[in-house]
Structures are given as structure tokens and as C-alpha cells.
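Residue numbers (our numbering), protein chains in the order written: chain S, 375 to 705; chain V, 375 to 705.
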């Protein structure tokens with residue numbers, strides 16, 4: 375079953391890992407947000423891509439949700455001695471990723487080619503595609519003025535209230551042939567429990583990308599999402615505070631409203647804790663599955679992914695009986 | 375006493391360290407070769423500068439003559455996993471140097487400013503100046519064709535015979551204000567026992583630099599060198615093979631011929647082993663001191679530096695009795 379998953383960083387990486395566990399090699403394509411990308415110490419850094427890459431390669435640091443397991447910090451220590459600001463922490467092995475990528479970019483390679491080569495080199499059985507090959511930078515208007523995303527996210531620890539979000543460069547970004555082809559050949563589209571504003575938001579804003587997903591939906595391809603906000607709180611990161619700051623409801627219902635406004639979803643998975651939101655969400659359009667959505671282990675990642683894949687298969691089967699995943703024996 | 379030392383990598387760094395030990399803080403300026411500089415893994419690397427920097431900062435790896443003491447190799451290991459060629463070995467702390475520099479260069483800073491800031495950050499009491507702020511690249515014609523310097527030096531371990539040497543970009547390189555000022559205010563000029571062809575050669579080829587040294591000489595500033603070839607063999611690196619390959623004599627006399635052709639030297643220090651070459655060298659112009667020139671310890675670096683400084687002081691005193699370093703008591 376060919377699956378496309380739209381993902382940001384940690385939560386997206388966990389669900390992508392669950393999907394990869396449940397699918398055959400080559401069946402999963404992850405389209406990752408590039409709006410958080412940045413330049414530091416002369417390096418081009420792709421935080422969301424790399425979190426997904428390290429997770430799918432089985433080398434992610436399990437505790438913190440970013441970086442490589444067993445990292446050392448010699449480069450950062452020496453950069454600090456040279457007087458550099460080191461609030462954006464980069465482990466030594468992680469720096470190799472950025473050096474490799476930066477050298478390839480300087481050599482003229484497309485980000486998509488580089489991403490595919492990195493996945494291949496690290497033995498990842500899935501495809502991880504940047505949402506676009508052009509530079510897009512998420513900028514946030516806060517009470518402290520306009521900030522770069524990582525300035526807000528890492529340096530200021532997400533303390534300023536966010537009043538407005540812009541994806542700089544998005545108008546001139548274009549859908550890559552690889553993303554287009556992945557969506558066109560997908561049998562299921564999954565929206566990871568990533569931040570709907572600054573992780574999934576930029577992906578959907580790439581000109582032509584949402585239209586491809588809507589075209590897939592109209593061909594009967596199920597689009598299945600999962601809320602990263604549980605009990606009104608983001609499982610990780612500032613999605614809840616951002617939604618409140620922007621005047622939206624910080625809840626699975628708020629997430630559903632965002633996606634429903636784009637007619638994106640067939641089905642939203644929400645946590646048991648949010649059971650009461652199921653009917654209000656259904657009233658917006660998408661159907662709802664209530665389950666355990668918090669991925670605390672490798673097996674819980676796989677279980678949630680399996681439930682989402684099964685729900686999508688069931689939906690396809692209902693639309694087209696020939697696609698029934700478990701055809702009943704004829705009488 | 376204000377001293378300018380022209381230096382390449384390891385041998386130059388050792389003598390510069392001896393000079394720094396013997397001089398007051400701020401009295402030493404080292405002008406380093408930049409012809410060996412290269413780009414690897416998106417980084418701009420200055421091998422000779424960095425060897426001098428680490429040595430003068432007291433953090434050099436004592437055994438190998440390059441890199442920082444106690445290095446780790448996490449970045450290289452991961453770059454290899456990504457499929458990169460890693461024949462040019464870069465330690466983790468060393469990579470911080472290159473990241474800092476590359477970021478500053480991309481930000482538009484001059485190499486000289488960057489070098490001065492790095493020395494300051496690492497607490498070096500001397501000034502280390504790139505020979506020029508423009509890009510110069512040493513290229514070698516060998517029986518295998520034209521090679522970049524580090525390709526020949528590191529990757530091919532100096533095995534091909536060198537038939538011709540070019541410093542690409544040297545015509546458009548210009549003397550920096552800092553180098554000019556250092557030479558103009560120098561009281562002694564020292565030529566380190568570095569490779570005369572590819573370490574000292576590029577420095578002297580920077581348009582205007584040799585002329586400044588000759589002007590200093592004509593003002594009575596002593597120029598004192600030391601041969602890095604002892605008993606016909608280079609103490610380190612391929613200077614002996616290069617000289618032979620180019621049809622020159624691989625000996626202290628060959629070194630003297632090179633420098634005498636440019637009327638560079640007042641005095642050449644040679645090793646006791648080369649005692650027999652003293653008269654033939656004197657016949658070329660420079661005076662000769664025969665001593666122990668091999669720097670095997672910190673104290674032998676200081677001792678050789680002291681001898682060179684004393685010889686220069688004596689020479690200045692002879693030319694101008696007012697400058698006599700130990701004025702005799704009047705009777």
C-alpha cells in the first residue's frame with residue numbers, strides 16, 4: 375500500500391516510524407516541512423527532515439526527539455571557545471549531516487536529490503522528501519516583533535505570543551516532481567500529529583500541493599489525520615499556545631477546523647481524552663476515530679499507524695468493494 | 375623587538391613558537407602561506423594558518439604536527455557513513471575552526487580580520503596574518519598531470535614527481551595593509567625552515583611583499599633564515615623531492631640558492647651536519663651560522679629562536695652601534 379505522510383519534526387517522525395514498521399520497504403513517502411530550516415555556522419540545517427531521517431534510520435536519540443543517539447559535543451565546545459553563540463545545539467555526528475548537505479547544495483544539487491541520497495546512505499527503506507526545493511522560511515510576528523522560527527522556537531523557548539505567521543518565499547516555491555508523483559500514486563494520505571500551523575501549514579501552502587491532495591481525495595484516496603493536541607495541550611512544542619495566540623481553539627476541534635477549512639480530511643484520529651469532541655468534529659465534515667494517540671514506545675507508534683492504515687483500507691473498501699482488504703469468501 | 379616570521383606549516387609553527395617564547399607579547403607577527411588552503415565538505419580550510427594558530431595557542435597535537443591535541447573523530451566517521459571521501463582528516467574541534475571561519479567568510483569578513491579574531495579568541499599573544507586576503511591556490515604539475523596541493527600532499531602522499539609549480543591567483547593577490555605594516559615596522563625578519571618552494575615561495579610571490587622585505591633590508595633590518603633541509607633530506611614533507619624534481623639541489627645550499635636569487639637573506643642558519651656547505655653558501659652572499667637546527671622540544675624551539683634573534687641583534691648592532699643590545703661600559 376503506497377502511503378504519503380505529511381510531517382513536521384518529532385511527532386511526525388514517530389508516526390512515520392510507525393508507518394514504516396507496518397509497511398513494506400518503499401511503500402512510505404514522508405513529505406517534510408522545510409519552513410524551519412536555517413543557516414548556522416555556515417551550515418544549512420533541516421531540523422524536521424533530519425529528525426525524520428534519524429528516526430527512520432533507527433539512529434535518533436530516543437529521549438530528546440532530535441539529534442543522533444550517543445552524540446558528543448566537541449565541535450560546539452570549540453565553537454563556544456571561538457566566541458560563537460551556541461544556543462542552537464548541534465552534535466558532532468549531526469554536524470556531518472549538515473556538512474554533507476551544505477557541500478552538496480553548494481555543488482548545485484537539488485534538496486530533494488540530497489535528501490534521497492542521505493536516506494539511501496543511512497539505509498532508510500522509505501523516501502523522505504522536502505516539501506519543495508526552494509527556500510521557504512517560517513517567520514512569526516510576536517509582541518517582540520518578527521522572529522525567525524528557530525529564534526522563537528529554540529533561543530526564546532517559545533515564550534513570546536505569536537500573532538501572525540508567514541512562510542517567506544512560499545509564493546515562489548514549487549511542488550517537486552517527486553512530491554507530485556508520490557501524491558498521485560498514493561493509496562492513502564496521512565497527516566501526522568505535527569503542529570498544524572508551522573509544520574503541516576507550510577507543506578499545505580506549497581503552491582499546487584493541496585490541490586494534488588484534494589485531487590487524490592476526489593479519486594477516493596482516503597486522507598487520515600491525527601490530532602497532536604490532546605486535552606487542549608500540545609504533546610510537544612508550542613502548537614497549543616500558537617493556536618490560542620492566533621485566536622483559534624487549542625484542541626483537537628481547533629485542529630479539525632483548520633483542516634476542515636481546506637477540505638483536507640476524511641478521518642481524524644483523536645485521543646480518548648477528547649472523546650467529547652468527536653461529534654463537534656464530525657459536524658465539520660471528517661469522520662472521527664477515538665483511540666490512544668500518544669506514542670510512548672516503538673510498538674505504540676506501530677499500533678497507531680496500523681489503526682490509521684486499517685481505517686483507510688476500510689474506507690477505500692467501502693468506496694470500491696474491489697479494494698476490500700479482506701474479501702469475503704463467495705457463498 | 376618587533377619580529378616578522380614567514381612560515382608554512384609544521385616547521386614554521388615550531389620556530390614561530392620558539393620566537394613567541396623568546397619575545398614579549400605582541401612582538402611577533404607570523405605571515406603564513408595560504409597557497410595550501412582548500413575547500414572540503416563545504417568548509418574553507420587553512421592548513422598552514424591553523425597549524426601555526428594551534429601551536430601558538432598551545433593546543434596543537436604534539437605528535438603529528440597538525441590538528442588539536444586530544445581530538446575526536448565523530449564528524450569524519452559520520453561523513454564516511456554518508457559516503458564522503460575522508461582522506462583529508464579533520465578532527466571535531468578542528469572542524470569548529472573551519473565552521474567559524476567559513477561562516478565569517480560567507481558573512482563578508484576579510485581573511486585577515488578572521489585570523490586576528492581567532493588568535494584573540496584562543497589567547498595567542500602574537501599576530502598570525504594570511505599572506506593575502508585573495509584566494510591563491512598552489513598547483514603542481516606532476517607526471518600524473520596537474521594536481522591541487524592537498525591532492526598531492528595528503529591523498530597521493532607526495533609520491534608523484536613534481537615538474538612545475540604554479541600559484542594560481544597570485545597575480546591578482548595583493549599585499550594586505552596588515553602585512554605591509556608588519557614588515558615596515560619589523561626590526562628583524564625571520565624565514566622559517568618551511569618548504570622554500572610551496573610554503574615560503576607563495577608568500578614571497580605575493581605582489582609587493584618581497585619588495586617590502588628588500589626595502590626593510592636596505593634600511594638595515596636583518597633577514598635571517600634557517601634551512602629545513604638537513605643532510606639533503608627535508609625534516610618534514612616533500613621539499614627535498616620537490617627540489618630534486620625541479621632540477622635543484624636538495625640541500626641547505628639549494629635552499630640558499632633560492633633565497634640568494636631573490637637577495638632575500640643576510641644570514642642562513644644551517645645544521646651542524648651541513649657544516650661543509652657553509653662556505654659554498656657564503657659564496658652566494660648570505661653569512662652562515664652552523665648550529666643545531668632540529669627542533670625536537672619546546673626548549674629547542676626557544677633555543678634556535680634565541681640564537682636567530684641574537685644573531686639579528688648583533689647584525690643590527692654592527693650596522694648601527696646605537697642599537698647594540700649589550701652596550702659595553704665606557705672605560
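Virtual Cβ for every residue (Gly too), placed ideally from N, Cα, C.
Asked                                                                                                                                                                                           : Found
Kindly list, in the order they appear in chain S, the residues whose Cβ is closer than 8 Å to that of residue 349 of chain V.                                                                   : Since the first residue of chain V shown is 375 and the last is 705, residue 349 of chain V is not available in this structure.
Name the chain V residues that come within less than 9 Å of residue 415 of chain S, Cβ to Cβ?                                                                                                   : 470, 473, 474, 476, 477
Since I believe residue 528 of chain V is in contact with residue 473 of chain S (beta carbons under 8 Å), could you give me their beta-carbon distance rounded to a whole number of angstroms? : The Cβ separation is near 18 Å, so there is no contact.
List, in order along the chain, the chain V residues whose C-beta lies closer than 7 Å to that of residue 457 of chain S?                                                                       : 495
Residue 480 of chain V versus chain S: which residues are under 7 Å apart at the beta carbon?                                                                                                   : 416
Kindly identify the DSSP beta-bridge partner or partners of residue 520 of chain V.                                                                                                             : V/515
Strictly below 8 Å CB to CB, what residues from chain V border residue 492 of chain S?                                                                                                          : 456
When you compare the CB positions of residue 405 of chain V and residue 380 of chain V, do they come within less than 7 Å of one another, or not?                                               : yes
For residue 702 of chain V, I'd like the list of residues in its chain whose CB is within less than 7 Å of its CB, leaving aside the five on either flank, ordered along the chain.             : Unreliable placement is indicated for residue 702 of chain V, whose pLDDT of 45 sits below 50; the coordinate value is still reported in the next sentence. Excluding positions up to five away in sequence, the list is empty.
Tell me which residue opens and which closes the alpha helix (DSSP H) that residue 421 of chain V is part of.                                                                                   : 421-430
Of the residues S/542, S/492, S/489, which one's Cα is nearest the Cα of residue 333 of chain S?                                                                                                : This structure cannot speak to residue 333 of chain S, because chain S is shown only from 375 to 705.
On the DSSP bridge assignment, give the partners of residue 576 of chain S in chain order.                                                                                                      : Paired residue(s): none; residue 576 of chain S is not in a bridge.
Could you tell me the boundaries of the alpha helix (DSSP H) in which residue 544 of chain V lies?                                                                                              : First-last for residue 544 of chain V: undefined, no H or E at that position.
Do residue 664 of chain V and residue 649 of chain V have their C-beta atoms closer together than 7 Å?                                                                                          : yes
Check whether the region 460-477 of chain V and the region 414-426 of chain V touch, using three or more Cβ-Cβ pairs below 8 Å as the test.                                                     : yes
Between which two residues does the beta strand (DSSP E) holding residue 412 of chain V run?                                                                                                    : 412-414
Tell me which same chain residues have a C-beta within less than 7 Å of the C-beta of residue 661 of chain V, skipping the five on either side of it?                                           : 640, 641
What separation, rounded to the nearest whole angstrom, lies between the Cα atoms of residue 671 of chain V and residue 436 of chain V?                                                         : 10 Å
Residue 655 of chain V and residue 599 of chain V: beta carbons closer than 7 Å?                                                                                                                : no
If I'm right that residue 433 of chain S touches residue 468 of chain S with Cβ under 8 Å, what's the distance once you round it to whole angstroms?                                            : With 8 Å as the limit, residue 433 of chain S and residue 468 of chain S do not qualify as a contact, their Cβ atoms being about 10 Å apart.
Roughly how many angstroms lie between the CA atoms of residue 555 of chain V and residue 667 of chain V, to the nearest whole one?                                                             : 29 Å
Can you tell which of S/559, S/632, S/628 has its C-alpha closest to the C-alpha of residue 576 of chain S?                                                                                     : S/632
Just how far apart, CA to CA, sit residue 511 of chain S and residue 390 of chain V?                                                                                                            : 47 Å
Going straight from the alpha carbon of residue 592 of chain S to that of residue 685 of chain S, what length do you get?                                                                       : 18 Å
Does the beta-carbon of residue 586 of chain S have 16 or more other beta-carbons within 10 angstroms, so that it is buried, or is it exposed?                                                  : buried
So, for residue 560 of chain S: in the same chain, excluding its five sequence neighbours on each side, which residues have a beta-carbon less than 8 Å away from its beta-carbon?              : 376, 377, 378, 403, 590, 595
Roughly how many angstroms separate the alpha carbons of residue 609 of chain V and residue 454 of chain V, rounded to a whole number?                                                          : 32 Å
Could you tell me if residue 657 of chain V is buried or exposed, where buried requires 16 or more neighbouring beta carbons within 10 angstroms of its beta carbon?                            : exposed
Going by beta-carbon coordinates alone, are residue 384 of chain S and residue 431 of chain S separated by less than 7 Å?                                                                       : no
Note down the Cα distance separating residue 613 of chain S from residue 395 of chain S, rounded to an integer number of angstroms.                                                             : 27 Å
Which partner residues does residue 379 of chain V have in the DSSP bridge list?                                                                                                                : V/404, V/564
Would DSSP call residue 557 of chain S helix, strand or coil?                                                                                                                                   : helix
Within 10 angstroms of the Cβ of residue 507 of chain S, are there 16 or more other Cβ atoms? Answer buried if so, exposed if not.                                                              : buried
Can we count residue 427 of chain S as close to the ligand GTP, meaning its CB is less than 6 Å from some heavy atom?                                                                           : No copy of the ligand GTP appears in this structure; indeed no ligand is present at all.
Taking C-beta to C-beta, are residue 470 of chain V and residue 524 of chain S nearer than 7 Å?                                                                                                 : no
Excluding the 5 residues flanking residue 675 of chain S on each side, which residues of the same chain have their C-beta closer than 8 Å to its C-beta?                                        : 388, 389, 391, 392, 395, 669
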